[in-house]
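The numbering used here numbers the first residue of the first sequence as 100 and each following residue consecutively.
I have placed the structure first, in the form of C-alpha cells, so that the comments after it can refer back to it.
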Amino acid sequence: MKLATWNVNSLAVRLPQLLAWLEASPVDAVVLQELKLTDDKFPFDEIRAAGYEAQAFGQKTYNGVALLSRAPADAVVRNIPGFADEQARVIAGSLGALRIVGAYFPNGQAPGSDKFEYKLRWMRALRDWLEAELAAHPQLVLAGDFNVAPEDRDVHDPVAWAGQIHCTEEEREHFRKLVAIGLVDAFRLFEQPPKSWTWWDYRNLAFRRNQGLRIDHVLVSEALRPRVNACMIDKAPRRNERPSDHAPVVVTID
DNA sequence: ATGACTCCCAGTGGGAGA
Numbered sequence: 100m101k102l103a104t105w106n107v108n109s110l111a112v113r114l115p116q117l118l119a120w121l122e123a124s125p126v127d128a129v130v131l132q133e134l135k136l137t138d139d140k141f142p143f144d145e146i147r148a149a150g151y152e153a154q155a156f157g158q159k160t161y162n163g164v165a166l167l168s169r170a171p172a173d174a175v176v177r178n179i180p181g182f183a184d185e186q187a188r189v190i191a192g193s194l195g196a197l198r199i200v201g202a203y204f205p206n207g208q209a210p211g212s213d214k215f216e217y218k219l220r221w222m223r224a225l226r227d228w229l230e231a232e233l234a235a236h237p238q239l240v241l242a243g244d245f246n247v248a249p250e251d252r253d254v255h256d257p258v259a260w261a262g263q264i265h266c267t268e269e270e271r272e273h274f275r276k277l278v279a280i281g282l283v284d285a286f287r288l289f290e291q292p293p294k295s296w297t298w299w300d301y302r303n304l305a306f307r308r309n310q311g312l313r314i315d316h317v318l319v320s321e322a323l324r325p326r327v328n329a330c331m332i333d334k335a336p337r338r339n340e341r342p343s344d345h346a347p348v349v350v351t352i353d
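Given below as C-alpha cells:
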C-alpha cells in the first residue's frame, strides 16, 4: 500500500491539483496539512467522487489537517488528547491494524519566541501521546509537515540556516526524542539523491535552483520497518503553475 | 536588505508561513 503526506497550502486553491495528483499517482491514504478552511467548506463531494473518504479537521485561515483514504478510517482522533490547543494540527485514524497520524507541526517563527516555545511544548505533548498510541497500535505511521530539518544534509545551505528556525539544536533534539519512542525516518531507510528537499521558498527562484529544506517526513514504527519498500519525494506537483511550496512524500509498505 | 512569494482576511495593507 502507498501512504503520502502533503502540505497543500490552502485546499481551496490546491483542490484541482490534489485531485489531479491522486488520479496520476494513486495512494491508499494521504494526510494533508494547511487546509486553511473550516470543515463546512471542506470539499467532501469532490474527494468522494475521486474515490476517497475524508476525515477533516479544519480551521479558518490557518492550519487544518485531513486524512483521506480509500476505505473509511475509524477511531479518528483530532489533535493531541490532553493537550489543550486552539489550533487544528493533528488527525489520526485507523485502517485495520494500521494507525495513521497526520500532523502539522507548529512553525515556531523564531528561536526564543512564544511560538517557538509552543512548538517545543507541542512536540513534547505529541511524543507523550504517541508513546501510548504506539503501545496500543504497534503498526503506526506518523506523517506530516514537521517543520524540522533533522540534519544538516536536509538543508540546502546549512551554514546560512545554522540556528535558524527548523534547524535549531532544540528542534532537532525534540525530533530525535520523537524518533526514539520507536520510530524510524522512512526516507532514510533508502539511498536517496543528495539535495533532497520537500519544501522550497516561493521566493528567489528557490525551486529552480533546488534550494530547499527536507521538513516533511514519514516516520514508521519498528514493527512496520521491515515492510517499507520505498520512500520518495514527488517533486512533480511543485512544478505546477501556482504550486504549494511543499511537495508530497510517498511511502510504499507491503 | 528584516527583501524577493503566496495565501488569507481584509479592505486599497499586514500577518504568517518557512
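Glycine included, every Cβ here is placed at the ideal spot set by N, Cα and C.
Here the structure is a predicted model, which means the values were calculated and not measured.
DSSP places H273 in the uninterrupted alpha helix (DSSP H) bounded by 268–278. For the stretch 241–267, the full-length alpha helix (DSSP H) segments reaching 4 residues or more read 257–260 along the chain. At the C-beta level, L312 and V254 come within 9 Å of one another. Taking C-beta atoms as the reference points, N178 and E133 fail to come closer than 9 Å. Contiguous alpha helix (DSSP H) elements confined to the stretch 152–237 occur at 213–235, taking only those with 4 or more residues.
With a cutoff of 9 Å on beta-carbon distance, L131 and E152 are scored as not near each other. The Cβ atoms of F286 and C330 sit closer than 9 Å to each other.
Short of 8 Å from the beta carbon of W228, and not among the five residues preceding or following it, lie these beta carbons of its own chain, in chain order: I179, P180, G181, F182. From the listed residues I314, V317, K294, L318, the smallest Cα separation to R307 is found for K294. The C-beta of M222 has 16 or more other C-beta atoms within 10 Å across all chains shown, which makes the residue buried.
Annotation for V112: the continuous alpha helix (DSSP H) segment containing it runs 110–123.
Here the alpha carbons of V327 and H265 stand approximately 27 Å from one another. Judged by DSSP secondary structure, A335 falls outside any beta strand (DSSP E); it is assigned neither H nor E. Contact between the stretch 209–220 and the stretch 139–151 is absent, with fewer than three C-beta pairs closer than 8 Å.
Contact check for V189 against G201 passes: the beta carbons are separated by less than 9 Å. The residues K101, L102, A103, V349, in chain order, have a CB closer than 7 Å to that of V126 in the same chain once the five nearest residues on each side in sequence are set aside. Going by C-alpha positions, Q263 is about 23 Å away from A224. Inclusion of E230 and R198 in the CB contact set at 9 Å is not warranted, their separation being larger than that value. Proximity to D184 across G192, P171, Y203 peaks at Y203, based on C-alpha coordinates.
Residue state for L136 is assigned as coil, using DSSP reduced to three classes. The C-alpha of E270 lies about 14 Å from the C-alpha of D244. Listed as beta-bridge partners of N106 by DSSP are Q132.
DSSP places L323 outside both helix and strand once states are collapsed to three, so it counts as coil.
At a Cβ-Cβ threshold of 9 Å, Q116 and V107 count as neighbours. In this structure, A346 places its C-beta atom within 9 Å of the C-beta atom of T297.
Relative to Q238, the option among L282, N339, E250, E340 whose CA is nearest is L282. Taking a 10 Å sphere around the C-beta of P292, we find fewer than 16 other C-beta atoms and assign the residue as exposed.
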